[in-house]
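Trainee: The structure under discussion is supplied below as structure tokens; questions concerning it will follow.
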Amino acid sequence: MTAAPANIANNPGASTDRFGHPRALTYLFATEMWERFSYYGMRALLVLYMVKYLLDPQHAGQVLGLGPFRGALEFVFGPLAPQPLASQIYGFYTGLVYLTPIFGGLLADRVLGARRTVILGAALMAIGHFMMAFEHLFLFALGFLILGNGAFKPNISTQVGRLYAPGDRRRDRAFSIFYVGINLGAFLAPLVCGTLGEELGWHYGFAAAGVGMTTGLVIYLAATPALPKDSFAKRETVHGPMGREAWLSIGALMALMLPVSLFWGTYEQQGNTIALWASEYTDRHLFGAEIPVTWFQAFNPFMIFAFTPFIVALWRRQGAREPSTVAKMAIGCFLNAAAYLVMVAAAWYASGAQSSWLWLFAYFVVITVGELYVSPVGLSLVTKVAPLHLLSMMMGVWLSTNFIAGFLAGYLGTFWSSMSKIDFFLMLAIISAAAGLMIALLIRPLRAVLKD
């Protein structure tokens, strides 16, 4: 098994522990938190902004390039009303932000190094968020965000992995802690950006996301002394031919990519059709006030950092009985399926009327636990097994599961207007359960390859 060395002896970020982990983890945590604040702040508004404002005929004509882009989509999928068109654009965006990390990883591995690539990505994303405040630049803004995320995402994650020596059992837990940073930003984003967008105007929400990304960039630049040294320049690793073990590890990751893509394709309905369910089919009244639609996007990230300590403690308590990384991912897919069965029950119980917001609360509880069994441990797995000189690129390849998932999420969302809500949510549950079964069947064959 090939893993990234921590280089602890020459690494100031790894030499001083904080809360049992290298000090650099704190700075990477904060940088990722603000980047996710910007991403989820924009995502919380995106579909609502398109359906309720941008794709209205009186505004759509002002968006540069939208006519040809819509024409290309309709050539493939047929005529698209505003909601299916919004779902397709959402799918393209969420898909492409996870395709470009492959190229961002290559750029870091071969040319710029991880640090410079992170800085480039953060700057591009900050520009893109501020461009979202101008509706005629909508498609160009999405382009900047897609390219920036590609440069940023794989290289911030690989720096976390390089803080730990091969075989260090803290690695899975470190990525779970890092994941709390992701979701702390994602929790604050709908409350700040969503509220500004819904109450003051869409463009205020998008500008707030730009401020968040700029803050993350400043923190990363200020953290220079604490970051891993080998993240500042192009690595000098000699790139010899890879052995059989390295190729088997890459093959194992590739085998897991399809079922993980199915997981994320259903999971990503949170920012798409689940937002529409909250807007149109949910009684959002609480103590005489109405919960803003975008606030429901804060449920999942809040539960992430609320539940993570208990999940990590559970794994620690299980000791030798702790499920393998692959087994955890299968469990997560089955929990994701269970979350959509909760929505099946909500749609059945409502019978066409509005359902209680507590159904959404229950949905987010279940899907959050499922996510904790898939996402952070998947990132950890890549840093364990990917060949060193391809580490950033392989992280980008792994993140491309979300590329496939983004397109799948957009395509599945087009059925929202034509299917009954019970059938729609049941379809999502079946897809996620199938993903869990596929991963479960891979546990034994991959055990020897991953040595997990």
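Numbering-wise, this note's numbering puts 549 at position 356 of the sequence shown, and it's gapless, one number per residue. Just so it is clear, CB atoms sit at the ideal spot from N, CA and C, and this is done for glycine as well. On a predicted model such as this, the values are computed, not experimentally measured, just so you know.
Rounded to the nearest angstrom, what separates I339 and V558 at their Cα positions?
Mentor: Counting from one through the sequence shown, the residue named residue 339 turns up at place 146. Counting from one through the sequence shown, the residue named residue 558 turns up at place 365. Rounded to whole angstroms, I339 to V558 spans 29 Å at the Cα level.
Trainee: What's the gap between the Cα of G206 and the Cα of S548?
Mentor: Looking up residue 206 in the sequence shown gives position 13. Looking up residue 548 in the sequence shown gives position 355. The predicted model places G206 with a pLDDT of 45, which falls under 50 and marks its position as unreliable; any figure quoted below should be read in that light. Taking the straight line from one Cα to the other gives about 50 Å.
Trainee: Measuring alpha carbon to alpha carbon, tell me which of T459, L239 and F345 ends up nearest E564.
Mentor: The count along the sequence shown starts at 1 and reaches residue 564 at position 371. It is T459.
Trainee: What I want to know is whether the C-beta of T407 ends up closer than 7 Å to one or more non-hydrogen atoms of the ligand PLP.
Mentor: Questions concerning the ligand PLP fall outside what the structure shown contains, since it holds no ligand whatsoever.
Trainee: Would you kindly report the start and end of the unbroken alpha helix (DSSP H) that includes W227?
Mentor: Mapped onto the sequence shown, residue 227 falls at position 34. Note, W227: alpha helix (DSSP H), A217 to Y242.
Trainee: Determine the extent of the alpha helix (DSSP H) in which C526 is found, giving its start and end residues.
Mentor: Along the sequence shown, read from residue 1 onward, the residue named residue 526 stands at position 333. Unbroken alpha helix (DSSP H) run through C526: T518 to A543.
Trainee: Please state whether the Cβ-Cβ distance between Y542 and A622 is less than 8 Å.
Mentor: By one-based count along the sequence shown, residue 542 stands at place 349. By one-based count along the sequence shown, residue 622 stands at place 429. Not closer than 8 Å, so no.
Trainee: Among residues of its own chain, excluding the 5 on either side of A334, which ones have a beta-carbon nearer than 6 Å to its beta-carbon?
Mentor: On the sequence shown, position 141 is the one that residue 334 refers to. Cβ within range, chain order: G321, M324 and M325.
Trainee: Pull up the distance between the alpha-carbon of P347 and that of D302, whole angstroms please.
Mentor: Locating residue 347 in the sequence shown gives position 154, counting from the first residue. Locating residue 302 in the sequence shown gives position 109, counting from the first residue. The straight-line gap from Cα to Cα measures roughly 11 Å.
Trainee: Helix, strand or coil: which one does DSSP assign to T293?
Mentor: Walking along the sequence shown from the start, residue 293 turns up at place 100. In the structure shown, T293 sits in coil (DSSP, three-state: anything other than H, G, I, E or B).
Trainee: Beta carbon of F368, beta carbon of S573: below 8 Å?
Mentor: Taking the sequence shown and counting its residues from 1, one reaches residue 368 at position 175. Taking the sequence shown and counting its residues from 1, one reaches residue 573 at position 380. Yes, these two residues count as a Cβ contact at 8 Å.
Trainee: Using the C-alpha atoms, what's the distance from L601 back to E328?
Mentor: Counting from one through the sequence shown, the residue named residue 328 turns up at place 135. Counting from one through the sequence shown, the residue named residue 601 turns up at place 408. Using only the alpha carbons, I get a separation of about 26 Å.
Trainee: Give the secondary structure of T475 by DSSP, where H, G and I count as helix, E and B as strand, and everything else as coil.
Mentor: On the sequence shown, residue 475 is found 282 positions in, with the first residue counted as 1. T475: strand per DSSP, three-state reduction.
Trainee: Identify the continuous alpha helix (DSSP H) that holds N493 and give its terminal residues.
Mentor: Within the sequence shown, numbered from 1, the residue matching residue 493 stands at position 300. From DSSP, the alpha helix (DSSP H) with N493 extends over F492 to Q511.
Trainee: May I ask you to report which of helix, strand or coil DSSP gives S613?
Mentor: Reading the sequence shown from its first residue, position 420 is the one you call residue 613. Here S613 sits in coil by DSSP.
Trainee: Can you give me the Cβ contacts of H214 inside the same chain, cut-off strictly under 6 Å, excluding the 5 residues immediately before and after it?
Mentor: Translated into positions along the sequence shown, residue 214 becomes position 21. Within the same chain, H214 has close Cβ partners A367.
Trainee: Rounded C-beta distance between T287 and G525? I'm assuming under 8 Å.
Mentor: Stepping through the sequence shown from its first residue, residue 287 is reached at position 94. Stepping through the sequence shown from its first residue, residue 525 is reached at position 332. Contact doesn't hold; Cβ gap of about 19 Å is too wide.
Trainee: Which residue wins for smallest C-alpha separation from T487, given the options P502, G481, T466 and A499?
Mentor: By 1-based counting over the sequence shown, the position of residue 487 is 294. T487 has its Cα closest to that of T466, out of P502, G481, T466 and A499.
Trainee: Which residue from V535, A358 and A579 puts its Cα closest to that of I560?
Mentor: Residue numbering aside, residue 560 sits at position 367 when the sequence shown is read from its first letter. It is V535 whose Cα lies nearest to the Cα of I560.
Trainee: Hey, would you say Y413 sits closer than 8 Å to A315, going by beta carbons?
Mentor: As a working mapping, residue 413 is identified with position 220 in the sequence shown. As a working mapping, residue 315 is identified with position 122 in the sequence shown. Contact flag set, yes.
Trainee: By a C-beta neighbour count over all protein chains shown, 10 Å radius and 16 as the cutoff for buried, is W457 buried or exposed?
Mentor: The count along the sequence shown starts at 1 and reaches residue 457 at position 264. Per the 10 Å Cβ criterion, buried.
Trainee: Quick check on the DSSP output: what are the complete alpha helix (DSSP H) runs of length 4 or more inside the segment 357-410, in order along the chain?
Mentor: Those alpha helix (DSSP H) runs which fall completely within the segment 357-410 and span 4+ residues are 363-382 and 388-392.
Trainee: Return the CA-CA distance between F371 and R355, expressed in angstroms with no decimal places.
Mentor: Walking along the sequence shown from the start, residue 371 turns up at place 178. Walking along the sequence shown from the start, residue 355 turns up at place 162. Computed Cα separation, rounded: 13 Å.
Trainee: What is the DSSP secondary structure of S454, reduced to helix, strand or coil?
Mentor: Along the sequence shown, one-based indexing puts residue 454 at 261. Note: S454 maps to helix in three-state DSSP.
Trainee: Where does the unbroken alpha helix (DSSP H) through S350 begin, and where does it stop?
Mentor: Counting from 1 along the sequence shown, the entry for residue 350 is found at position 157. Segment F331 to G354, the alpha helix (DSSP H) holding S350.
Trainee: Here's the rule I'm using: 16 or more other beta-carbon atoms within 10 Å means buried, otherwise exposed. How should E391 be labelled?
Mentor: Within the sequence shown, numbered from 1, the residue matching residue 391 stands at position 198. It is buried - the Cβ of E391 has at least 16 other Cβ atoms within 10 Å.
Trainee: For C386, tell me which candidate among M235, A540 and G512 has the shortest Cα-Cα distance.
Mentor: Here the question's residue 386 lines up with position 193 in the sequence shown. Ranking the options by Cα distance to C386, first place goes to M235.
Trainee: Assuming G571 and M522 form a contact by the criterion Cβ under 8 Å, report the distance between their Cβ atoms to the nearest whole angstrom.
Mentor: Here residue 571 is taken as the residue at index 378 of the sequence shown, counted from 1. Here residue 522 is taken as the residue at index 329 of the sequence shown, counted from 1. Sure, about 6 Å apart at Cβ, within 8 Å.
Trainee: When burial is assigned at 16 or more other CB atoms within 10 Å of the CB, is P272 buried or exposed?
Mentor: Looking up residue 272 in the sequence shown gives position 79. By the neighbour-count rule (16 or more Cβ atoms within 10 Å), P272 is not buried but exposed.
Trainee: Answer yes if the segment 485-500 comes into contact with the segment 377-386, meaning at least three C-beta pairs across the two stretches below 8 Å, and no otherwise.
Mentor: Yes, the segment 377-386 is in contact with the segment 485-500.
Trainee: In its own chain, which residues sit with a C-beta less than 8 Å from the C-beta of P569, not counting the 5 before and 5 after it?
Mentor: Your numbering for residue 569 matches position 376 in the sequence shown. Contacts found: D365, F368, S369, F371 and Y372.
Trainee: Any idea what DSSP makes of R428, helix, strand or coil?
Mentor: Indexing the sequence shown from 1 puts residue 428 at position 235. Low local confidence applies: a pLDDT of 45 at R428 is under 50, so the model's placement there is unreliable, with the coordinate-based value given in what follows. R428: coil per DSSP, three-state reduction.
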